[in-house]
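Enquirer: One structure, as structure tokens, below. Some questions next.
In the numbering used here, the protein residues as written are 5 to 472.
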């Protein structure tokens, strides 16, 4: 498109926007009015930037505390002591949900074992567990992020997939578009690229049918449309509340108290003395003379050091209350060395009871991430069927896979296996259920058949062999 065409298109778009003409997303993309198209999408930049500011200790309110001015001297530097409470709360939340990798299992006999093995290999090749932890950590810190499945061809023209976690702190702008029922119908993401000596703004939009690569030009946006080979939006969008939601004022107060206590310690770090006038006059001009004697001539003469104020009981109680309430109100267990030492002798169920706050928050987060992981599974299968593993399409289409968030604490599997074995032997649990709960067999049905066959062979041997 020439300069004149770009100019006319820019004028047309400005006129349509000024007159309030209604255009849907695809019409705006066709008109190359990408700036206006962005206004149709969800914009959470204000909330995200606020979360980033609270998460980064260097951006906390205490860091803007003014130094104390002194007449004729340099300002007295006040202490500014931020804490990484938000990071601790977020990391504990991440540990309880994804401390151990997500477990996958095939739940039907349809779909070959080869297809399921290919699925697991795809997860390994794209570093699913790593990207999942990154996405959860960023979402808990910034309230949103996305995993972009970038499909491309390598130097041998073979299809490849690379997973990239994108978010505001990495320089991306995220713009999801949902319908009335919260279904993702389009996803846009903006970024900047260095091209020669210039930095150019890009904004890509994905729909199930088409991927639009948009680049800002001098007058208009340049748009290149390519078919979407998967038939799905190749992005998984994660959104959650801040891990420390609602507790930032208390965290600010805790930092204020710590900083004021440090200021007081600094003020009294050098000895401060109170003396009457005659003692002060005696000390004049004697700073460089040896000796430790102070002459006090009058009955009312006085010289004494001023002791720093001691921390009050009220202040100490407030600090303890802040520390406890910040963790309790965010459903965050306290992992101090003393607390952890006591967990070593507890069983799995006892640990759950001791860490009930973390498990409550884990269940709340599963309401968000259970759906997101299921969507990601469907996207991965679509990519495999249409791009990377076309030869396995029938088996992949028939494959039924379920996921499960693993327990954060590694349990004693031998004790668990022994309990399952006793339940099966005592007849209170079926063999099928026992094998399923053991979780060691890739193919539960085949494992059950092998066990039954081994039992039958053992019974036949007992019948054939004579006993004396």
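Note that the Cβ used here is the ideal one computed from N, Cα and C, for glycine as well. Computed from a predicted structure; not experimentally measured.
#1: Would residue 144 and residue 247 be called neighbours here (beta carbons separated by less than 7 Å)?
#2: In chain order, what residues of the same chain have a beta carbon less than 7 Å from the beta carbon of residue 26, not counting five sequence neighbours either side?
#3: Whose CA, out of 380, 57 and 146, lies closest to the CA of residue 130?
#4: With a Cβ-Cβ cutoff of 7 Å, do residue 194 and residue 207 count as a contact?
#5: Look at the Cβ atom of residue 267, then the Cβ atom of residue 411, and state whether they are nearer than 7 Å.
#6: Buried or exposed: residue 272, going by 16 or more other Cβ atoms within 10 Å of its Cβ?
#7: Please look up how many angstroms separate the CB atoms of residue 110 and residue 437, rounded, as I've assumed it's under 8 Å.
#8: Short of 7 Å in beta carbon distance, which residues of its chain neighbour residue 36, apart from the five on each side in sequence? Order them along the chain.
#9: Starting from the N-terminal side, write out each stretch of the alpha helix (DSSP H) that is 4 residues or longer and does not extend beyond the segment 99-149.
#10: Thinking C-beta only, is residue 152 closer than 7 Å to residue 239?
#11: In the DSSP output, what is residue 179 paired with across the bridge?
#12: For residue 251, which residues from the same chain have a beta carbon less than 7 Å from its beta carbon, with the 5 sequence-adjacent residues on both sides left out?
#13: Just list the residues that DSSP pairs residue 163 with in beta bridges.
#14: What does residue 210 pair with, by DSSP beta-bridge criteria?
#15: Taking the alpha-carbon positions, what's the residue 91 to residue 433 distance?
#16: Taking 7 Å as the limit between beta carbons, can you name the residues of its chain near residue 389, skipping five residues before and five after?
#17: Using only the alpha-carbon positions, how far apart do residue 49 and residue 117 sit?
#18: Please classify residue 407: does DSSP put it in a helix, a strand, or coil?
#19: If I measure Cβ to Cβ from residue 295 and keep anything under 7 Å in the same chain, skipping five residues before and after, which residues do I get?
#20: For the beta strand (DSSP E) that residue 239 lies in, which residues bound it at each end?
#21: What residues match up with residue 80 in a beta bridge as DSSP calls it?
#22: Quick one: grab the DSSP three-state call for residue 230.
#23: My guess is that residue 261 and residue 319 are in contact by the Cβ rule of under 8 Å, so how many angstroms apart are they, rounded?
#24: Hey, is the segment 177-197 in contact with the segment 58-73, meaning 3+ C-beta pairs nearer than 8 Å?
#25: Within 10 Å of its beta-carbon, does residue 154 have 16 or more other beta-carbons around it, so buried, or fewer, so exposed?
#26: Reducing DSSP to helix, strand and coil, say where residue 220 ends up.
#27: To which residues of the same chain is residue 461 closer than 6 Å at the C-beta, ignoring the five residues directly before and after it?
#28: Quick check: residue 101 and residue 141, are their CB atoms within less than 7 Å of each other?
#29: Thinking C-beta only, is residue 209 closer than 7 Å to residue 232?
#30: By DSSP's criteria, residue 151 is part of a beta bridge. Which residues make up the other side?
#31: Quick one: using the 10 Å Cβ neighbour count with 16 as the cut-off for buried, is residue 422 buried or exposed?
Expert: Looking at the atomic coordinates:
#1: yes
#2: The pLDDT assigned to residue 26 is 48, lower than 50, so where the model puts this residue is not dependable; a value taken from the coordinates is nonetheless given after this. So no residue of the chain qualifies.
#3: 380
#4: yes
#5: no
#6: exposed
#7: Actually they are not in contact, since the Cβ atoms of residue 110 and residue 437 sit about 17 Å apart, beyond 8 Å.
#8: 13, 224, 225 and 227
#9: 117-129 and 132-146
#10: yes
#11: 192
#12: 330, 333 and 334
#13: 157
#14: 191 and 215
#15: 44 Å
#16: 397, 400 and 401
#17: 45 Å
#18: strand
#19: Because the pLDDT of residue 295 is 48, which lies under 50, any placement of that residue in the model is unreliable, and the number read from its coordinates should be weighed accordingly. Excluding positions up to five away in sequence, the list is empty.
#20: 239-243
#21: 72
#22: strand
#23: 7 Å
#24: no
#25: exposed
#26: strand
#27: none
#28: no
#29: no
#30: 169 and 240
#31: exposed
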